[in-house]
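In what follows, a structure is listed as structure tokens, so that the remarks can point back to it.
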Amino acid sequence: MLFILPRLCRQHLRSYVQSHIRQLTTGQPNVCIVGAGPAGFYTAQQILKGNPNAVVDIYEKLPVPFGLVRYGVAPDHPEVKNVINTFTQTASKDRCTFIGNVTIGKDISIADLQKAYSAVVLSYGADNDRLLGVPGENLKNVISARSFVGWYNGLPQDIDLQVNLDVEKAVIIGHGNVALDVARILLMPIDLLKKTDISQYSLDALSKSRIKEVTVIGRRGPLQVAFTIKELREMIRLPDCKPVLSQADFLGVDKLIQDLPRPRRRLTELMYKTCMEPTEKDLKLWETAQKSWSLSFCMSPLEIFGDKDVTGLKLGINKLQGEDLVKQSAILTDQTIDMSCGLVLRSIGYKSILIDPDIPFDTKSGTIPNKESRVEGKPGMYCTGWVSTGPVGVILTTMNQAFETGKTVVKDINDGILDLTKPGKRDILNILNSKGVQTVSFKDWENIDQFEVKQGEDIGKPREKMVDISQMVSVAKKS
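-17 is the number of the first residue of the sequence shown in my numbering; add one for each residue after it.
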């Protein structure tokens, strides 16, 4: 029947058959993924789907999977965490193995992984945050939004974060979704937070908070904010809290709205109406509010004041320039203003770190140099997610990029570029065992999951996360 197929179809079929014959005669594709967050799981999903012989092992430094889905998503956004169901399906496949509690660069090296695997995919995310680079940044109560998010979400490395909530005003530097998430958590009624999986120690601290006013500052204008309409809408409707927006910031914006791309148009329209044309329902909701939040535009921090604790900051006034209204850049002027506050959170982006000297790394951008996910100068090494692109987009963005990475790995397998004779996890597990590293499997994780859900049920929450790694491992290994 082959001779009646169109020529292109015959070529595709011949290539497909040849690739499978090559795999049968040369070995099995063993792929290692470093990082069990969304980028890692989506890449694994695509590789398993794209090559029926591929085996994928996902390594994670924590004893628990899911990365920012577990530790980055706001506790009052449980619907966003539903992707865990998809990741669980991937991890439950026979050809996929989760290996937790393993730190790459410490317990095992990249060189070891390259010796054992046909392909190594780096998807370990962005564990550091960008600094403001201004005087006073090291004062007490000047902290990163990334650390604050980790603190209220129970990320082990952030549970001892020193944050003083015994102040009335907080300032957040940055106009992204993380900034609004942090503002919302600071201002949300404690009775609503009690129903989430927020960590109990942070819930206790927030219940004693005196913060009544949060100002969210950005260096550009209303047309360039990086948050999305969902997060803005939640802030506008936050119980017992009112938005305070300056009409001067929105003069003439109504004349520009129709020329904006649709998502930006809807977002800008909501900001404009909230400021200039609030509904009767909105006004009634806000009239008795005891707390408030505001957006400040075209400001850049120049200095943070205080003796030991922060008391305020000096802000430079920016002007915008550029023909593309959405992409205008901020230019600092010689005008400044001072703003008082007792807490400063910087939310100006995350940054990846170098975990092993054998990985090419651009320290300036905090990314691994790559072309179409292939790491420059390192055959068989790939990267995906924020360590590849920088901290951009949402989970959907990460999913699409990770799928492309998975397809690239599959293509290189099928094209005979990768060495399919490598042994896979056998050699790595032997090394880890010789060092006494206690690994955690996905079945072990399910023990942790059940324990946390039970702990949460006992206090009326969907789960209470464990924050001690040794306790996680102990629970994981209980039969």
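Even glycine gets a Cβ: it sits at the ideal position worked out from N, Cα and C.
Comparing alpha-carbon positions, which option in the options lies nearest residue i?
i	options	result
P283	L113, K75, K88, N396	L113
D394	V16, Q27, A21, G32	G32
L378	V51, R202, K333, G17	V51
D111	G372, F424, I410, R215	G372
N300	T25, K459, I199	I199
T85	P444, K417, G304	K417
E358	I341, P11, R166, P243	I341
A187	R201, L238, L168	L168
D163	K255, L411, Y53	Y53
L95	L411, G82, G19	L411
T366	V160, E386, K360	E386
N429	P11, V46, S100	V46
Y364	A152, Y99, T79, C223	Y99
K443	V374, N146, D173	D173
D289	I29, E119, G49, P138	E119
A165	K333, L44, R328, P11	R328
V296	K88, V116, G49, F343	According to the sequence shown, residue 296 is Lys rather than Val. Nearest C-alpha to K296: V116.
K463	W268, L238, Y24, Q28	What is shown of the chain runs -17 to 461, which leaves residue 463 out entirely.
S423	V292, K333, V455	V455
D338	G294, R77, I350, V376	I350
A101	G406, K353, K237	G406
S322	T261, L402, F287	F287
A271	S126, C223, L307	C223
What are the partner residues of residue i, as DSSP defines its beta bridges?
i	result
P283	L297
S278	I199
L325	A152
N110	K333
N12	V37
T318	G298
D291	K122
I350	The partner list for I350 (beta bridge, DSSP) is empty, contrary to what the question assumes.
C524	Residue coverage of the chain in this structure runs from -17 to 461, which leaves residue 524 outside it and unanswerable.
A312	L302
D344	T349
F80	I40
V226	S276
V357	N352
Between which residues of its own chain and residue i is the CB-CB distance below 7 Å, once the five residues before and five after are set aside?
i	result
R4	Confidence in R4 is poor, its pLDDT being 46 and thus under 50, which makes the residue's placement too unreliable to answer from.
E446	Q182, E434, Q437, G438
E150	R192, I193, K194, E195, G324
L277	V198, L227
A93	D340
What's the call for residue i, buried or exposed, on a 16-neighbour Cβ count within 10 Å?
i	result
P204	buried
L265	exposed
K404	buried
T7	Residue placement at T7 is flagged as unreliable, the pLDDT there being 44, under the threshold of 50; a coordinate-derived value is accordingly withheld.
I441	exposed
S189	exposed
Q206	buried
G158	buried
I154	buried
N382	exposed
P221	exposed
R408	exposed
K460	exposed
I319	exposed
A458	buried
R215	exposed
P20	buried
P171	exposed
G348	buried
L400	buried
V13	buried
G304	exposed
K425	exposed
Apart from the five residues just before and just after residue i, which ones in its own chain have a Cβ nearer than 6 Å to its Cβ?
i	result
I180	P57, Y134
I141	V449
E42	A18, G82
V16	Y41, I86, L104, Y106
G22	I15, I40, S105
L143	S129, W133
T79	D39
Which residues in the same chain have their Cβ closer than 8 Å to the Cβ of residue i, if we skip the five residues on either side of it in sequence?
i	result
I211	P245, R248, L249, L252
I218	P225, L252, T256, D264
S(-3)	With a pLDDT of 47 at S(-3), under the threshold of 50, the modelled position of this residue cannot be trusted; read the value that follows with caution. Around S(-3): N396.
Q229	C257, M258
Original post:
Contact between the segment 132 to 142 and the segment 63 to 74: three or more CB pairs below 8 Å?
Top reply: no
Subject >> Touching by the beta-carbon criterion (3+ pairs, under 8 Å), the segment 243 to 257 and the segment 309 to 316 >> reply: Between the segment 243 to 257 and the segment 309 to 316 there are fewer than three C-beta pairs closer than 8 Å, too few to call the two in contact.
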